[in-house]
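Undergrad: Protein sequence lines correspond, in order, to chains H and E. Remember, the numbering used here sits 405 above the position in the first sequence when you count from 1. Remember, the numbering used here sits 38 above the position in the second sequence when you count from 1. The beta-carbon is built from N, C-alpha and C at its ideal position, and this holds for glycine as well.
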Amino acid sequence: MTKQIVFAIALLLTFAVFGYTIARIIRFFSLTKKGFPIKNLGKRFMIMAEVAFGQTKIFRRPVLGFLHAVVFWGFCVIIFGSIEMVIDGLFKLEKSLSFLGWFYDFLMATGDIFAFLIAIAIFVFLFRRVFLHVKRFEGIEMKKISHIDANVALTIILVLMLSLLGMNAAYVSHTNAIGGEIIGYYPVSNFLAPIFSGMSIESMQVQHEIYWWTHILLIFVFANLLPYSKHFHVFMSVPNTFISRLEPLGKLRNMDNVTREVKLMMDPNAAFAAPATDAPIERFGVKDAEDVMWNNYFNSLSCTECGRCTSVCPANTTGKKLSPRKVMMDLRARMKEKGPQLLKNKDFNDGKSLVRDYISEEELWACTTCNACAKECPININQPSLIVDMRRYLVMEEGSAPGEIKAMFNNIENNGAPWQYSPEDRLLWTKDLEINVH
Amino acid sequence: METRKIEVPVMADLFARGEKPEYLFWVGCAGAYDDRYKKVTRAFAKILSYLNVSYAVLGKEETCTGDPARRAGNEMLYQMQALQNIELFKAYEITKIITICPHCFNIFKNEYPDLGGNYEVISYVELLDKFIKEGKLKVNTDTFKNSRITYHDPCYLGRANDMYDEPRRVIKSISGDVVEMERNKSFALCCGAGGAQMFKEAEKGDKEVFLERMEDVLKVNPDIIATACPFCMTMMTDGIKYKNQEEKMKNYDIAELIVMSLGL
Numbered sequence: 406m407t408k409q410i411v412f413a414i415a416l417l418l419t420f421a422v423f424g425y426t427i428a429r430i431i432r433f434f435s436l437t438k439k440g441f442p443i444k445n446l447g448k449r450f451m452i453m454a455e456v457a458f459g460q461t462k463i464f465r466r467p468v469l470g471f472l473h474a475v476v477f478w479g480f481c482v483i484i485f486g487s488i489e490m491v492i493d494g495l496f497k498l499e500k501s502l503s504f505l506g507w508f509y510d511f512l513m514a515t516g517d518i519f520a521f522l523i524a525i526a527i528f529v530f531l532f533r534r535v536f537l538h539v540k541r542f543e544g545i546e547m548k549k550i551s552h553i554d555a556n557v558a559l560t561i562i563l564v565l566m567l568s569l570l571g572m573n574a575a576y577v578s579h580t581n582a583i584g585g586e587i588i589g590y591y592p593v594s595n596f597l598a599p600i601f602s603g604m605s606i607e608s609m610q611v612q613h614e615i616y617w618w619t620h621i622l623l624i625f626v627f628a629n630l631l632p633y634s635k636h637f638h639v640f641m642s643v644p645n646t647f648i649s650r651l652e653p654l655g656k657l658r659n660m661d662n663v664t665r666e667v668k669l670m671m672d673p674n675a676a677f678a679a680p681a682t683d684a685p686i687e688r689f690g691v692k693d694a695e696d697v698m699w700n701n702y703f704n705s706l707s708c709t710e711c712g713r714c715t716s717v718c719p720a721n722t723t724g725k726k727l728s729p730r731k732v733m734m735d736l737r738a739r740m741k742e743k744g745p746q747l748l749k750n751k752d753f754n755d756g757k758s759l760v761r762d763y764i765s766e767e768e769l770w771a772c773t774t775c776n777a778c779a780k781e782c783p784i785n786i787n788q789p790s791l792i793v794d795m796r797r798y799l800v801m802e803e804g805s806a807p808g809e810i811k812a813m814f815n816n817i818e819n820n821g822a823p824w825q826y827s828p829e830d831r832l833l834w835t836k837d838l839e840i841n842v843h
Numbered sequence: 039m040e041t042r043k044i045e046v047p048v049m050a051d052l053f054a055r056g057e058k059p060e061y062l063f064w065v066g067c068a069g070a071y072d073d074r075y076k077k078v079t080r081a082f083a084k085i086l087s088y089l090n091v092s093y094a095v096l097g098k099e100e101t102c103t104g105d106p107a108r109r110a111g112n113e114m115l116y117q118m119q120a121l122q123n124i125e126l127f128k129a130y131e132i133t134k135i136i137t138i139c140p141h142c143f144n145i146f147k148n149e150y151p152d153l154g155g156n157y158e159v160i161s162y163v164e165l166l167d168k169f170i171k172e173g174k175l176k177v178n179t180d181t182f183k184n185s186r187i188t189y190h191d192p193c194y195l196g197r198a199n200d201m202y203d204e205p206r207r208v209i210k211s212i213s214g215d216v217v218e219m220e221r222n223k224s225f226a227l228c229c230g231a232g233g234a235q236m237f238k239e240a241e242k243g244d245k246e247v248f249l250e251r252m253e254d255v256l257k258v259n260p261d262i263i264a265t266a267c268p269f270c271m272t273m274m275t276d277g278i279k280y281k282n283q284e285e286k287m288k289n290y291d292i293a294e295l296i297v298m299s300l301g302l
């Protein structure tokens with residue numbers, strides 16, 4: 406009974422803290438802009454199946470992609486075991502899902518194998534991070550805390566997998582020792598079970614208890630650490646693929662408020678006929694965290710800082726300041742800084758903004774909108790749309806742009822071309838055009 | 039060899055005569071003004087005439103699509119250009135547009151519909167591919183039989199619109215020696231000119247993007263870099279000069295390659 410009570414308290418505490426954290430984060434979304442309706446559910450499920458569950462984009466780098474896929478698929482299977490542990494813990498049962506029969510054996514066997522494979526993958530990941538200097542993991546935005554964050558999460562996952570294997574192995578050896586029937590099938594742990602063979606039956610049971618509690622309590626702790634770390638992606642990445650942009654990468658979002666303005670300009674009659682509104686003036690583009698659309702913020706919370714975007718960014722690889730990863734991390738950090746204050750007072754102003762205080766103009770103007778970052782992102786984050794939205798703010802609200810860009814605007818306005826040529830010369834290329842007749 | 043003079047049909051003239059061509063051939067600002075890219079425009083016009091395609095250009099009535107303005111953040115200017123163009127297209131009852139610039143292609147295809155401009159937008163690359171497939175363009179494989187060709191993917195055909203195979207099929211139709219750079223198709227490196235970079239100095243860094251791309255090119259050591267975008271062409275041509283490769287390699291647009299292999 407004590408065990409049940411302790412377990413129930415731990416579980417309650419987990420849910421309470423987790424609920425509090427999530428509620429806090431959800432409130433930040435109320436600060437962001439709408440305008441990204443979720444339609445085409447069928448298509449979205451397909452993309453989620455492909456990109457999240459099929460791990461297709463992570464396989465763009467095949468070797469590490471495979472290791473990541475093993476971890477992801479393993480998690481998907483092992484979660485059934487964790488759910489069972491919660492039921493067992495609450496109701497003082499043992500192997501409560503075993504009524505599933507052959508499917509239970511299958512779940513336990515694959516979970517057991519995956520635990521072993523994940524442990525190997527995580528070991529490789531940790532080794533890479535600690536001993537190899539992977540360029541992708543560096544950059545001005547990669548502070549020490551990011552590296553610690555990564556290593557802590559990997560270590561926790563490693564301990565989770567080892568405790569799971571320990572738990573299974575202790576279960577197998579204890580059940581064998583008392584001549585009981587083993588429920589489920591544990592290929593790797595069967596192999597490991599002899600480790601416990603010299604122990605007394607009681608010790609085996611104690612060992613099992615220790616691993617059992619270590620595993621489940623660590624899950625509880627981990628679940629509550631995640632939302633405060635970049636590993637929030639464990640929860641966010643699957644839904645993030647669901648909210649993927651469905652349009653071709655080359656398409657930019659239309660600004661309907663600009664369309665209204667332009668149509669009024671082009672049709673003076675409409676300008677007089679338009680009713681006067683008291684609606685607050687809308688901001689053109691993105692200056693600060695609260696100007697972004699909700700999906701941009703969702704993207705930023707999903708980012709794992711893997712750096713695949715930055716590693717393919719032409720500006721970044723040629724030593725310019727832009728890093729698409731930093732753009733996502735900056736948005737997340739800025740919301741964390743300003744969000745809580747804004748929720749208390751919607752007119753809050755700390756004299757800072759996402760543009761300039763976090764992301765410099767130099768970074769923004771370095772983007773070629775080549776979409777390599779968006780193509781590469783394993784969870785379909787779209788960085789260019791946010792970068793262009795910030796340019797929109799700079800240009801339309803501040804009239805700020807590099808001199809040559811302003812000249813280009815002038816040329817388009819005056820000559821209908823980005824260069825200073827006369828429209829009269831548009832047909833010069835047709836002069837003396839001849840074709841050989843065979 | 040005999041030659042025949044080509045008169046490029048202009049939309050306003052045709053309309054005055056009560057004629058309506060099937061396609062609008064959208065030349066684009068680079069196609070009309072850039073000295074190097076004008077040759078590509080001429081090459082493609084030759085192909086259209088050779089195949090008796092029913093088309094016309096807007097000529098003096100053509101104006102910027104608004105693409106560089108939009109990508110540089112000037113949504114207001116973009117939309118003014120776009121709505122103006124849409125009005126003009128409406129007046130000429132245009133339904134099909136052929137472009138030779140991937141940036142124009144992308145904006146017509148993906149962005150004009152948001153402002154009510156819905157057209158069948160065709161890249162000249164698709165068209166060349168189709169004509170070759172249908173056997174209308176009987177290319178001569180001798181012209182480039184000793185040329186090693188590599189293709190540089192423009193971002194706005196490739197990643198932006200998933201057009202990777204069409205240009206490759208076109209090039210493979212004229213040469214058996216086509217090599218891929220290490221970064222190709224969706225992994226291709228930008229030439230560095232998109233997103234309005236063409237019109238300004240690059241931000242400070244270790245090197246220019248086009249030089250990084252040229253290093254990819256040099257690794258496969260081609261005789262010809264095939265491009266399919268005016269910006270890529272400018273950048274690759276600069277890259278060849280910077281790396282002192284003018285004696286060794288040339289940069290041609292795929293429309294030019296077809297014209298050369300047809301002997302037009």
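On a Cα-Cα basis, can you pick out the residue from H:482, H:522, H:739, H:495 that is closest to residue 508 (chain H)?
TA: H:482
Undergrad: Could you run through the region 805–822 of chain H and flag, in chain order, every residue whose CB is less than 7 angstroms away from some CB of chain E?
TA: 806, 807, 809, 810, 813, 814, 817, 818, 821, 822
Undergrad: Along the chain, where does the beta strand (DSSP E) containing residue 240 (chain E) start, and where does it finish?
TA: Premise fails: residue 240 (chain E) is in no beta strand (DSSP E) and is neither H nor E.
Undergrad: Measure from the alpha carbon of residue 886 (chain H) to the alpha carbon of each residue in H:772, H:691, H:608, then state which is nearest.
TA: Here chain H covers residues 406 to 843 and nothing more, so residue 886 (chain H) does not appear.
Undergrad: Which of the three DSSP states, helix, strand or coil, is assigned to residue 178 (chain E)?
TA: coil
Undergrad: Determine, for residue 148 (chain E), whether the minimum Cβ-Cβ distance to residues of chain H falls below 8 angstroms.
TA: yes
Undergrad: Let's see if you can read the secondary structure: which residues bound the beta strand (DSSP E) around residue 42 (chain E)?
TA: 40–43
Undergrad: Residue 291 (chain E) by DSSP, collapsed to three states: which one?
TA: strand
Undergrad: Count the CB pairs spanning the region 798–810 of chain H and the region 76–95 of chain E that are closer than 8 angstroms, and state whether there are at least three.
TA: no
Undergrad: Report yes or no: is there a C-beta of chain E within less than 8 angstroms of the C-beta of residue 470 (chain H)?
TA: no
Undergrad: Please go through the region 446–509 of chain H and give each complete alpha helix (DSSP H) segment of 4 or more residues, from N-terminal end onward.
TA: 446–452, 467–496
Undergrad: Check whether chain E comes within 8 angstroms of residue 560 (chain H), counting only Cβ atoms and requiring the distance to be less than that.
TA: Chain E places no beta carbon closer than 8 angstroms to that of residue 560 (chain H), leaving this residue out of the contacts.
Undergrad: What are the partner residues of residue 160 (chain E), as DSSP defines its beta bridges?
TA: E:136.
Undergrad: Give the interface partners of residue 543 (chain H) over in chain E, defined as CB-CB distance under 8 angstroms, in chain order.
TA: Correct list: empty, because the minimum Cβ distance to chain E is about 15 angstroms.
Undergrad: Helix, strand or coil: how does DSSP classify residue 222 (chain E) here?
TA: coil
Undergrad: Going by the beta-carbon positions, is the gap between residue 145 (chain E) and residue 103 (chain E) smaller than 8 angstroms?
TA: yes
Undergrad: Since residue 81 (chain E) meets chain H, which of its residues come closer than 9 angstroms, beta carbon to beta carbon?
TA: Near residue 81 (chain E) there are no residues of chain H at all, since even the closest Cβ is about 10 angstroms away, more than 9 angstroms.
Undergrad: Nearest CA to the CA of residue 288 (chain E): which residue from E:140, E:207, E:180, E:188?
TA: E:188
Undergrad: Should residue 132 (chain E) be flagged as near chain H, meaning a C-beta pair shorter than 8 angstroms?
TA: no
Undergrad: Buried or exposed for residue 54 (chain E), please, with buried defined as at least 16 other CB atoms from any protein chain shown within 10 angstroms of its CB.
TA: exposed
Undergrad: Which same chain residues end up closer than 8 angstroms to residue 255 (chain E) when comparing Cβ atoms and leaving out the 5 residues on each side of it in sequence?
TA: Taking C-beta separations shorter than 8 angstroms and ignoring five residues to either side along the sequence, the partners of residue 255 (chain E) in its chain run 188, 190, 219, 263, 274, 277, 287, following chain order.
Undergrad: Whole angstroms are fine: how far does the CA of residue 290 (chain E) sit from the CA of residue 279 (chain E)?
TA: 14 angstroms
Undergrad: Who are the neighbours of residue 575 (chain H) on chain E, taking C-beta pairs under 9 angstroms?
TA: Those within 9 angstroms of residue 575 (chain H) in chain E number zero; the least Cβ separation is about 47 angstroms.
Undergrad: Spatial neighbours of residue 489 (chain H) within its chain, please: C-beta separation below 8 angstroms, excluding the five flanking residues on both sides.
TA: So the qualifying residues of the chain are 500, 501, 502.
Undergrad: Hey, is the region 565–572 of chain H in contact with the region 511–523 of chain H, meaning 3+ C-beta pairs nearer than 8 angstroms?
TA: yes
Undergrad: Could you give the distance in angstroms between the alpha-carbon of residue 498 (chain H) and the alpha-carbon of residue 505 (chain H)?
TA: Taken atom to atom, the span from the alpha-carbon of residue 498 (chain H) to that of residue 505 (chain H) is near 15 angstroms.
Undergrad: What residues in its chain sit with their C-beta under 8 angstroms from that of residue 514 (chain H), if we drop five residues either side in the sequence?
TA: 589, 590, 591, 592
Undergrad: What did DSSP end up calling residue 303 (chain E) once you bin it into helix, strand or coil?
TA: Only positions 39 to 302 of chain E appear in the structure, and residue 303 (chain E) is not among them; the question remains open.
Undergrad: At least one CB of chain E closer than 8 angstroms to the CB of residue 538 (chain H): is that the case?
TA: no
Undergrad: According to a CB-to-CB cut-off of less than 7 angstroms, which residues of the region 775–807 of chain H neighbour chain E?
TA: 775, 776, 777, 780, 793, 796, 797, 799, 800, 801, 806, 807
Undergrad: Whole angstroms is fine: what's the gap from residue 415 (chain H)'s alpha carbon to residue 622 (chain H)'s?
TA: 8 angstroms
Undergrad: Between the alpha carbons of residue 122 (chain E) and residue 673 (chain H), how many angstroms are there, rounded?
TA: 15 angstroms
Undergrad: For the alpha helix (DSSP H) that contains residue 208 (chain E), what are its first and last residues?
TA: Counting along the chain, the unbroken alpha helix (DSSP H) around residue 208 (chain E) starts and ends at 203–212.
Undergrad: To the nearest whole angstrom, what separates the beta carbons of residue 462 (chain H) and residue 783 (chain H), a pair I think is in contact under 8 angstroms?
TA: 5 angstroms
Undergrad: With a threshold of 8 angstroms between beta-carbons, can residue 828 (chain H) be considered close to chain E, or not?
TA: Chain E, which has a Cβ nearer than 8 angstroms to the Cβ of residue 828 (chain H), makes this yes.
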